[in-house]
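In terms of this note's numbering, the sequence shown opens at residue 24 and continues consecutively.
Only one structure is covered here, and it is reproduced in the block below.
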Amino acid sequence: MGSTGLSEPLLSLADAGYRFVAGCLTVAGREVTTAAELELHGITSVTTVAACGECTREGDCFAPLTTAVSDCKCECAAGGHGDVCVPAPVPAGPPPPPPLTPPPPTTLLPPPPPVGECISDMVYPEVVQAVGGGLSWLCYRNVTFSGGGMSLTVLIGAMTGEVANVTFDGCTWRDGAVLLLLGNAHAAVGSLNIVVTDSTFSDALLSPEGGFPPRTKITISGSCFTVAGHIRRSGLGLRRPSCVAMNGLVISNESAVVLSGNVFQTVRASSSAIHVVESSLRVSWHSL
Numbered sequence: 024m025g026s027t028g029l030s031e032p033l034l035s036l037a038d039a040g041y042r043f044v045a046g047c048l049t050v051a052g053r054e055v056t057t058a059a060e061l062e063l064h065g066i067t068s069v070t071t072v073a074a075c076g077e078c079t080r081e082g083d084c085f086a087p088l089t090t091a092v093s094d095c096k097c098e099c100a101a102g103g104h105g106d107v108c109v110p111a112p113v114p115a116g117p118p119p120p121p122p123l124t125p126p127p128p129t130t131l132l133p134p135p136p137p138v139g140e141c142i143s144d145m146v147y148p149e150v151v152q153a154v155g156g157g158l159s160w161l162c163y164r165n166v167t168f169s170g171g172g173m174s175l176t177v178l179i180g181a182m183t184g185e186v187a188n189v190t191f192d193g194c195t196w197r198d199g200a201v202l203l204l205l206g207n208a209h210a211a212v213g214s215l216n217i218v219v220t221d222s223t224f225s226d227a228l229l230s231p232e233g234g235f236p237p238r239t240k241i242t243i244s245g246s247c248f249t250v251a252g253h254i255r256r257s258g259l260g261l262r263r264p265s266c267v268a269m270n271g272l273v274i275s276n277e278s279a280v281v282l283s284g285n286v287f288q289t290v291r292a293s294s295s296a297i298h299v300v301e302s303s304l305r306v307s308w309h310s311l
């Protein structure tokens with residue numbers, strides 16, 4: 024409150040029988056204790072002046088429903104509610120907050136298998152995932168990968184070891200799922216064996232891409248590939264439905280790509296079972 028109190032009267036209109044309790048106010052550093060002093064500062068029509076530290080029925084309680092005040096506690100008559108004897112029940116507290124929306128469930132991905140073992144007999148979560156970092160062994164056996172949101176990238180350049188092995192045995196890829204074998208000619212591996220065997224690709228895509236390190240053998244055998252429509256893969260525009268896309272695939276230095284005993288089925292006349300992107304397979308230096 025300013026040094027001169029209020030700029031205009033606080034109470035401008037009141038009906039007969041009203042109560043206006045004021046007091047224990049400090050104006051310009053001085054405590055105001057009387058009705059006359061209150062009027063000097065624009066606080067007029069006060070019915071009760073309250074002293075500091077004093078509890079009264081009029082100042083601290085709803086007087087019509089208060090019988091007495093004891094130790095600054097209002098004692099209520101019939102119909103009075105709460106600490107100050109108001110005529111309606113007082114809620115115990117603010118309404119409870121709305122229930123929190125539970126977070127979406129966390130997708131649990133299997134950890135990389137120990138050397139000599141495989142991730143086996145499961146339906147893989149529909150995720151975009153890159154694997155291979157720091158590993159020399161990756162094996163999936165009887166695993167189902169499905170859905171247009173399922174993309175598994177094997178990062179050859181991130182693998183290590185004298186001999187690195189990547190195996191997909193008896194796996195099923197379907198409904199838009201993608202297996203990307205992302206090569207890197209400078210991978211820190213002595214030799215690399217990639218095997219896709221006895222697997223099924225139904226409207227799914229197998230895509231070996233880029234250059235592979237020396238002494239790489241990629242074997243795709245005993246598998247069934249069926250394609251009816253376009254399969255989308257980020258960064259790769261296929262002009263026609265395909266189930267194997269070789270994207271700039273390069274092998275060299277005693278390396279080989281072997282396709283053996285596979286079945287390729289296309290539904291559309293415009294489909295191509297194996298699609299070569301950008302450039303055909305390049306083979307050099309004692310490779311096949």
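Beta carbons are placed, not taken as given, at the ideal position from N, Cα and C, and that holds for glycine.
{"Asked": "Residues near P237 in its chain [Cβ-Cβ closer than 6 Å; skip 5 each side]", "Found": "N276"}
{"Asked": "Beta-carbon gap between I243 and L203 smaller than 8 Å", "Found": "no"}
{"Asked": "For A181, three-class secondary structure by DSSP", "Found": "helix"}
{"Asked": "Any beta strand (DSSP E) of 3 or more consecutive residues that is wholly inside the region 149 to 233", "Found": "151 to 154, 160 to 169, 174 to 178, 183 to 192, 195 to 197, 201 to 205, 211 to 220, 223 to 225"}
{"Asked": "R53 - partner residues in DSSP beta bridges", "Found": "V50"}
{"Asked": "Contact check, D106 vs C97, beta carbons under 8 Å", "Found": "yes"}
{"Asked": "Residue span of the alpha helix (DSSP H) that contains A111, given as start and end", "Found": "Here A111 belongs to no alpha helix (DSSP H), and DSSP marks it neither H nor E."}
{"Asked": "Inter-residue CB distance, V154 and P135 (contact presumed, cutoff 8 Å)", "Found": "7 Å"}
{"Asked": "Buried or exposed (CB count within 10 angstroms, at least 16 for buried), P231", "Found": "buried"}
{"Asked": "Coil, strand or helix - D144 by DSSP", "Found": "strand"}
{"Asked": "Local Cβ density within 10 Å of L132, reported as buried at 16 or more and exposed below that", "Found": "exposed"}
{"Asked": "One or two residues paired with V280 in a DSSP bridge", "Found": "I241"}
{"Asked": "Exposure of G284, with buried meaning 16 or more beta-carbon neighbours within 10 Å", "Found": "exposed"}
{"Asked": "Reference A200, options T183, G184, G171, closest by Cα", "Found": "G171"}
{"Asked": "Residue range of the beta strand (DSSP E) that includes E98", "Found": "96 to 99"}
{"Asked": "Three-way DSSP call (helix, strand, coil) for A268 in this model", "Found": "strand"}
{"Asked": "DSSP state of A3 mapped onto helix, strand, coil", "Found": "This structure leaves residue 3 out entirely; the chain is present only between 24 and 311."}
{"Asked": "In DSSP terms, what F287 is bridged to", "Found": "F248"}
{"Asked": "Classification of R80 by the beta-carbon crowding that lies within 10 angstroms, buried from 16 upward", "Found": "buried"}
{"Asked": "Unbroken alpha helix (DSSP H) run spanning A59, endpoints", "Found": "58 to 63"}
{"Asked": "Spatially closest choice to L63 from Y147, T49, I241, M269, by CA coordinates", "Found": "T49"}
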